[in-house]
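Here's the structure we're looking at; comments come further down.
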Amino acid sequence: MTGFDSYRVGERAQVARWIISCAFLLLLGAFFRTQIIQHEKFQLRAETNRLRPIPLTPPRGAIYDYRGRIIAENVPGYSVKLLAPSADSLRAVLARVSRVVPLDSGDISEVLRRFQTARYQPVVVFGDATFETVSKLEEHRVALPGLVIQAEPKRLYPAGRAVAHLVGYVGEITDADLENERYEGLNPGAIVGKAGLEQAYDDTLRGTEGVRYIEVNARGRLVREEASSASLPPTPGHPIATTVDLDLQRFIDSIWPPGVRGAMMAVTPAGEIRALYSSPSYDPNAFIGGISPQLWRALNSDEARPLLDRAIQARYPPASPFKLAISAMALRRGLVGLDTHMPVPCRGGLRMGNRVFRCWKKEGHGSLDLIGAIAASCDVYFYQLGLKLGLDAIIEDGVLMGFKDRTGVDLSNEINPIYPASTGYFDRLYGARRWSPAATTLNFSIGQGENTQTLINMVRFYAGLAGTGEELSPFLVRPREGTKARPLGLSPDQMEGLRHALIAVVERGTAQASRRMDLQVAGKTGTAQNPHGKDHGWFIGFAPADKPQLVVGGIMEFAEHGTVVAPYVVQALRRYVLGPDSASKTPIKVRVIAPEDSAPRTLELDPDSAAVQAAAESIRAAALPRP
Amino acid sequence: MRLAAIDRQLAGTALALVLYGLVVLYSAGQTDVPTSGAGAWHRQFLWVGVGLIAAWGTFQISPRLLEWLTPAIYIFSILLLLIVLAVGTGAGTAASSHTWLAIGGHQIGQPSEIGKVATVLMLARYLSGRREPPRSLRDLLIPLLIVGLPFLLVMKEPDLGSAIVFIGIFFAMLFWAGVRPRLILLLASPGLSLLLAFSNATWGFWIVAFTLVVLAWRPYLWDGLAFWLLNVISGFIAMPLWHRLAPYQQNRLLTFLNPEVDPRAAGYHAIQSRVAIGSGGWFGTGYTQGPQKRLAFLPEQHTDFVFSVVGEELGFVGVAIALALFCALFMILVRVARRATDSFSSLVVFGILGMFFSHVFENVGMTVNIMPITGIPLPFFSYGGSFFIICCVCLGLVSRVAWDSRLAGYADV
Chain R
498 MTGFDSYRVG ERAQVARWII SCAFLLLLGA FFRTQIIQHE KFQLRAETNR LRPIPLTPPR
558 GAIYDYRGRI IAENVPGYSV KLLAPSADSL RAVLARVSRV VPLDSGDISE VLRRFQTARY
618 QPVVVFGDAT FETVSKLEEH RVALPGLVIQ AEPKRLYPAG RAVAHLVGYV GEITDADLEN
678 ERYEGLNPGA IVGKAGLEQA YDDTLRGTEG VRYIEVNARG RLVREEASSA SLPPTPGHPI
738 ATTVDLDLQR FIDSIWPPGV RGAMMAVTPA GEIRALYSSP SYDPNAFIGG ISPQLWRALN
798 SDEARPLLDR AIQARYPPAS PFKLAISAMA LRRGLVGLDT HMPVPCRGGL RMGNRVFRCW
858 KKEGHGSLDL IGAIAASCDV YFYQLGLKLG LDAIIEDGVL MGFKDRTGVD LSNEINPIYP
918 ASTGYFDRLY GARRWSPAAT TLNFSIGQGE NTQTLINMVR FYAGLAGTGE ELSPFLVRPR
978 EGTKARPLGL SPDQMEGLRH ALIAVVERGT AQASRRMDLQ VAGKTGTAQN PHGKDHGWFI
1038 GFAPADKPQL VVGGIMEFAE HGTVVAPYVV QALRRYVLGP DSASKTPIKV RVIAPEDSAP
1098 RTLELDPDSA AVQAAAESIR AAALPRP
Chain H
1089 MRLAAIDRQL AGTALALVLY GLVVLYSAGQ TDVPTSGAGA WHRQFLWVGV GLIAAWGTFQ
1149 ISPRLLEWLT PAIYIFSILL LLIVLAVGTG AGTAASSHTW LAIGGHQIGQ PSEIGKVATV
1209 LMLARYLSGR REPPRSLRDL LIPLLIVGLP FLLVMKEPDL GSAIVFIGIF FAMLFWAGVR
1269 PRLILLLASP GLSLLLAFSN ATWGFWIVAF TLVVLAWRPY LWDGLAFWLL NVISGFIAMP
1329 LWHRLAPYQQ NRLLTFLNPE VDPRAAGYHA IQSRVAIGSG GWFGTGYTQG PQKRLAFLPE
1389 QHTDFVFSVV GEELGFVGVA IALALFCALF MILVRVARRA TDSFSSLVVF GILGMFFSHV
1449 FENVGMTVNI MPITGIPLPF FSYGGSFFII CCVCLGLVSR VAWDSRLAGY ADV
């Protein structure tokens, strides 16, 4: 064959060598680029390939009371997780787990649901496993591929139900919260505060998650639980010191009549919350490691709504305790003195047009001065005082005293009280000229009407009265930023006079059953009209009366009268002021001296509801002169 | 005396590659997860033994006898390819294809490997028998037929990787036979046209450029017209052809362009292979210690992707050594082909070079994603009996050619 001579072949061999050299240089270049230049990138890819991060839960900061006693702490606990390559394989392993430790089908479907949200993470099977469960599972480890058992700090509330609403509870972060700016940087499965102090101070308490790595193979199977790669230890959360008196909190829980709904809270005149109790309560420890769906449903569907913090999340008509606010308004405006009598003495009612607004005491109180009227809680006196003030003044001063705004306590979910900002409120609610200013004034002057207050709001007012004459925002750890003191605008003499009037309530007035000789208690009962059932009872008091250390407010739903509540409040005050030994251990005898309160039917809780509209209609019909 | 004349460079390089391959294959089986490759190195020892015997046997056959036998071998291999199409079975990742010949459930080999050698021989016989190298398309019709037949049969299996090797063999041997580079380029142009037809703009540009090239080079009139027509036709059939490809083939080509399109499925091999190689760095993660391999993130780590194990565990240095060995082998093959006593032997050696080169470039290239992924083994490294034996047979042939030329005194030219 021509063209196969030595020269030509040599030429072609040279070309062939060049082509081969170039090809190998190209390959070598590709490897150099991959292995040397992009080494870091692929190294990282390789690690993420086989290392699955497992978040390490940081210990939450402890919560202490004002004497350093523990309200919330951490104890060692175990979480049991499973790493599974697929839902089917997870189901198979769960079936084997259920043979070792009890696990019903509901639990299994819950685990599978959680698995779907983060497939490459170990899924939590038991958030809070007992040592027994862990050791049983450990025994069968060979048959349970992907089992990850982790020692985790676990929250414990030694006082349990007694501190439930105060401290709140913790739980796994929700999907919605993950989007929230406040929880930036948290991963699914992180534990965050859900209520109470745990929620309000979550940023402080939470700490920072650590991470460790487990090694998996290409099928997502666990190979080694402890990967050689370094782990990052979690940073513990910071503890918080609260103003709470754990003894008092526990004491209130112990004396609270079982089954009664309501709330009690104790505040020092400086605004430090010493106790915050709501009933019915729940056990915050039940939420640790994930609350069972049954219990969660039960808590939410319970008609008594145990999760509701009645001290800051329920509104009640302020009733008679509000008479002190009316008194303060009249005093600061100089309309009356402490010894002023009203033109019409109490004969059991006050005639307005063709309608009689009655006093709670049918036989009447006679002619009283302001102190006497407060002590006797005489409605007729306050009807006239209210008329003297006028509705505009009541609304204006009420707003100034903070009855329209929440206190700004350092807890989440405090609700606003309902209080009109101006008479325009009634125009909007009922239409202009379709409501009676006079009847509304009378309602407001005895703490009824379109005025509902939270317990904490009323206690703040009384704390101001008992203390410096300024209303301070109550707080558990520190006052919330931006809250400022509201001066009541009363002179020291006027304050002194009102306090005497409140002493008189307990000494000879509506709460005299609660009187004890060794501690002088001042306070005011109240009976909140409740169109849905029996009336609610109020009592807000402070002690010692001459130099108040503590203000305690209590409300019991369906208690019918404030005198029912008064003994409990007095006991709490005694416990705090006199110490544990002086507190009465004897059962409380309650003598109801005001069996009936016949103040006009008034508006309730939510002014927008249909029932309230109907009630408003009937009041208007009754109050307007008939043609 | 006779043995002393054996090409020691060739034998040494080949032995080094075989040993390197065994060492890597052993490591490929050392995983934390049970894989089918665990005992592969053990069985490969057997194949190495068989391969040595086969190489020795081939070494005994004189090129003249081989040339005489060539038509029979070629027809036999075509028959095998036909049989495998009819009764073949799949294996491994390509379980649905017809690449394996099995008797009684035992897979005894892939006829496409024999087909490659047979094609090399047949092409060498035809080309060396001509008076002058092919000068026109008409002259190339028979070579096209010789390669085209097994090529189409292999494509039908389907075994894209082997088909590419046939193309490599074809062009390598035409080049070595002295076909003018212009004609080779014209011959390759329809393939380029096919590739560029993915968009109207590139294809339009291509066909204009090609027309100008044809006008400038002035081949034979009919050749020019034929090539131009072929380009146009392949441009038009590109799309229908694309749609006829199996989805997995389409995906492979697509993920070659961008593996992240489908990182869990089609792009998985390409990504995991690069991750393993890239994590190797300069010196690798240590022999048998590669985590990607151990945890079975590397796919097909004892067959098609065995070179990724080299990259992960022995690093860039290990890769460079392996590539240097292959490069050395190819340079030796070029030398042997250049100094062969006759054109048939020379063409056979260069054809074998084309075949090896296609395998190495495609296989190593796909592990770093500079070539699309096709199921093609790496000579001396990948586990597999029939391919290893064929490689040994080829080396036996080359040794014989080198031996002959040395005895004839050509070696010192």
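Taken in order, these protein sequences are the chains called R and H.
First residue of the first sequence? That's 498 in our numbering, and the numbers climb one at a time after it.
First residue of the second sequence? That's 1089 in our numbering, and the numbers climb one at a time after it.
Where is the CB? At the ideal position from N, CA and C, for every residue including glycine.
Predicted model, so just to flag it, every value in this text is computed and none were measured.
DSSP-derived helix/strand/coil call for residue i
i	result
Cys485/R	An answer regarding residue 485/R cannot be provided, because it is not within the stretch 498 to 1124 covered by chain R.
Leu1300/H	helix
Gly1292/H	helix
Asp1227/H	helix
Lys633/R	helix
Tyr1375/H	coil
Met762/R	strand
Val974/R	coil
Trp515/R	helix
Leu579/R	strand
Arg830/R	coil
Ile785/R	coil
Ser942/R	helix
Ala626/R	strand
Gln647/R	strand
Val572/R	strand
Arg1098/R	Here Arg1098/R scores only 36 on pLDDT, less than 50, and its place in the model is too uncertain to base an answer on.
Ile688/R	strand
Tyr654/R	coil
Ala772/R	strand
Glu1201/H	helix
Arg812/R	strand
Pro668/R	It should be pointed out that residue 668/R corresponds to Gly in this sequence rather than to Pro. The answer is strand: DSSP assigns Gly668/R an E or B state.
Gly887/R	coil
Gly994/R	helix
Option in the options with minimal Cα separation from residue i
i	options	result
Leu1153/H	Ser1277/H, Arg1488/H, Ser1124/H	Arg1488/H
Glu649/R	Phe900/R, Asn571/R, Leu805/R, Asp866/R	Asn571/R
Leu804/R	Ala692/R, Tyr813/R, Pro842/R	Ala692/R
Ile1052/R	Arg566/R, Gly921/R, Pro1064/R	Pro1064/R
Leu1016/R	Glu993/R, Arg930/R, Ala1042/R	Ala1042/R
Ser824/R	Tyr880/R, Thr614/R, Gly526/R	Tyr880/R
Ala659/R	Pro642/R, Tyr1073/R, Trp753/R	Trp753/R
Pro599/R	Ala589/R, Cys519/R, Lys633/R	Lys633/R
Arg709/R	Leu884/R, Thr554/R, Tyr504/R, Phe900/R	Thr554/R
Leu1274/H	Arg1423/H, Gly1312/H, Leu1134/H	Gly1312/H
For residue i: DSSP bridge partner residues
i	result
Ile737/R	Ile560/R
Ile1037/R	Lys1021/R, Gly1050/R
Thr949/R	Ile915/R
Met849/R	Arg852/R
Ile551/R	Arg709/R
Pro818/R	Looking at the DSSP assignment, Pro818/R forms no beta bridge with any residue, so it has no partner.
Val639/R	Val639/R is not bridged to any residue.
Thr614/R	In DSSP, Thr614/R forms no bridge with anything.
Pro1159/H	Pro1159/H pairs with nothing; no bridge assigned.
Thr732/R	Thr705/R
Pro984/R	Glu967/R
Val620/R	Leu579/R
- At which residue ranges does the region 1221-1290 of chain H contain complete alpha helix (DSSP H) runs of 4 or more residues, listed in the order of the chain? Runs of the alpha helix (DSSP H) lying entirely within the region 1221-1290 of chain H and spanning at least 4 residues, in chain order: 1225-1244, 1248-1265, 1269-1284.
- Ranges of the alpha helix (DSSP H) found wholly within the region 1399-1468 of chain H, counting only runs of at least 4: Every alpha helix (DSSP H) of 4 residues or more that sits fully in the region 1399-1468 of chain H is shown, in chain order, as 1403-1426, 1431-1455.
- Task: Return the chain-ordered ranges of every alpha helix (DSSP H) run that is complete within the region 1303-1341 of chain H and spans a minimum of 4 residues.
- Result: Given a length threshold of 4 residues, each whole run of the alpha helix (DSSP H) inside the region 1303-1341 of chain H is given here in chain order: 1309-1332.
- Looking at chain H, which residues of the region 531-542 of chain R have a Cβ within less than 8 angstroms of any of its Cβ atoms? Near chain H, meaning a CB-to-CB distance below 8 angstroms, the residues of the region 531-542 of chain R are Thr531, Gln532, Ile533, Gln535, His536, Lys538, Phe539, Gln540, Arg542.
- Compile a chain-ordered list of the residues in the region 633-664 of chain R whose CB is closer than 8 angstroms to at least one CB of chain H. Answer in chain order: no residues at all.
- Of the residues that make up the region 1108-1120 of chain H, which ones have a beta carbon closer than 9 angstroms to any beta carbon in chain R? If the cut-off is 9 angstroms between Cβ atoms, the region 1108-1120 of chain H has Thr1119, Asp1120 near chain R.
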